[in-house]
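Chemist:
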Amino acid sequence: MSSSPVTFSPTQTVQPKRKVSPVDTPGVKWEQKGHIRPDDLHIFIRDKTLRDIINYSKTDLWREVGGVLVGGYYLWCGVHYVEVDAMIPARYGESRVGAFKFTHAAWADIHDRLDAEFPEKQIVGWYHTHPNLGVFLSEDDRFIHQHFFSQPWQVALVVDPIANQLAFFQWRNLDVEPCGFFFVRGEPTTETTPKPEGQV
Ligand SMILES: [Zn+2]
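Residues in the sequence shown are numbered consecutively from 13, following our numbering.
1) Please list, following the chain, all residues that have a C-beta closer than 7 Å to any non-hydrogen atom of ligand 1.
2) Would you mind giving the Cβ-Cβ distance between W165 and V80, rounded to the nearest angstrom? I have them listed as a contact below 8 Å.
3) Starting from T141, follow the alpha helix (DSSP H) in both directions and report where the run begins and ends.
4) With a CB to CB cut of under 6 Å and the five nearest residues on each side skipped, what residues in its chain are close to V171?
5) I'd like the span of the beta strand (DSSP E) that includes H92, first residue to last.
6) At 4 residues or longer, and completely inside the region 19-72: list those alpha helix (DSSP H) runs for me, N to C.
7) Starting from L126 and walking both ways along the alpha helix (DSSP H), at which residues does that stretch end?
8) Could you tell me if H116 is buried or exposed, where buried requires 16 or more neighbouring beta carbons within 10 angstroms of its beta carbon?
9) How is E151 classed by DSSP in three states: helix, strand or coil?
10) Below 8 Å CB to CB, which residues in the same chain sit around W42 once its five sequence neighbours on both sides are set aside?
11) Might you give, ordered along the chain, the residues of its own chain that have their beta carbon closer than 8 Å to the beta carbon of V136, omitting 5 neighbours on each side?
12) If you count every other CB in all the chains shown that lies within 10 Å of the CB of T61, and 16 or more means buried, which is it?
13) So is P38 buried or exposed if we call it buried at 16+ other beta carbons inside 10 Å?
14) Rounded to the nearest angstrom, what separates G192 and K45 at their Cα positions?
15) Tell me the DSSP secondary structure of Q182 in three-state form.
16) Mark V109 as exposed unless 16 or more other C-beta atoms lie within 10 angstroms of its C-beta, in which case mark it buried.
17) At which residues does the beta strand (DSSP E) containing W88 begin and terminate?
18) Consult DSSP for F194 and reduce its assignment to one of helix, strand or coil.
19) Run through DSSP, which three-state label would Q158 get?
Listed below in structure tokens is the structure:
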């Protein structure tokens, strides 16, 4: 693990890659969950990824746990969208009752794993749990989002593993608001070799 300070470049502008949206890709099965406004960033999450997140969320039903969402940022027919197709748990995050924080050790570990396992992907957002508290963003959560996920295409996911609820949030004007998403079933048609399950 790197021992040097971890720095971020929130002002760096990332341009979306052009790629056919899953809704326009033949053979991809998707479902819209919740309300999606016409000018929303579209969020697509794979069933396996969401299952991984929910399983990880249930590893601690008392303290909050979290991690980052990994995928890509794209543009298709004027619609900006992100695909969430992996997650990296913040193994060295600060997990407490009612609070979750990324630590320097957590960021170093996350970036090491991102470089090693997903070199072509980006951090498109983060997730954390609210055991039995419901799904919302607290003031501390908004602070994290503003400071570490400030790109307009970076999203937040909150999971309540006891109430079995989840919600996505995205930037809207200068606030971070709840939003709908698209649930994608199965492997994308462009990937022919599903990786074996690496469940902890
Ligand atoms: Zn929270």
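Here a beta-carbon is modelled for each residue, glycine too, at the ideal position from N, C-alpha and C.
Modeler: Reading off the structure:
1) Output, sorted by chain position: E76, F112, H140, H142, L149, S150, D152, D153 and V170.
2) Wrong, their Cβ atoms sit about 14 Å apart, outside the cutoff.
3) Going by DSSP, T141 is part of no alpha helix (DSSP H) but of the beta strand (DSSP E) stretching over Q134 to T141.
4) Exclusion of the five residues before and after V171 leaves S69, T141 and L178 as the residues of its chain whose Cβ lies within less than 6 Å of its Cβ.
5) Residues V91 to P101.
6) DSSP runs (the alpha helix (DSSP H)) wholly in the region 19-72: 59-69.
7) Its alpha helix (DSSP H) spans residues H116 to E129.
8) Exposed: under 16 other Cβ atoms inside 10 Å.
9) Three-state result, E151: helix.
10) By the criterion of a C-beta distance shorter than 8 Å, W42 is surrounded in its chain by P34, V35, F56, F194, F195, V196 and R197, once the five residues flanking it on both sides are discounted.
11) Only L81, V82, G83, G84, Y85, V94, E95, V96, W165, Q166 and V167 meet the Cβ criterion.
12) Taking a 10 Å sphere around the C-beta of T61, we find 16 or more other C-beta atoms and assign the residue as buried.
13) With fewer than 16 Cβ atoms within 10 Å of its Cβ, P38 is classed as exposed.
14) Answer to the nearest angstrom: the Cα atoms are 6 Å apart.
15) Three-state DSSP puts Q182 in a strand.
16) Flag for V109 reads exposed.
17) Residues G78 to W88.
18) Strand.
19) Residue state, collapsed to three classes: helix.
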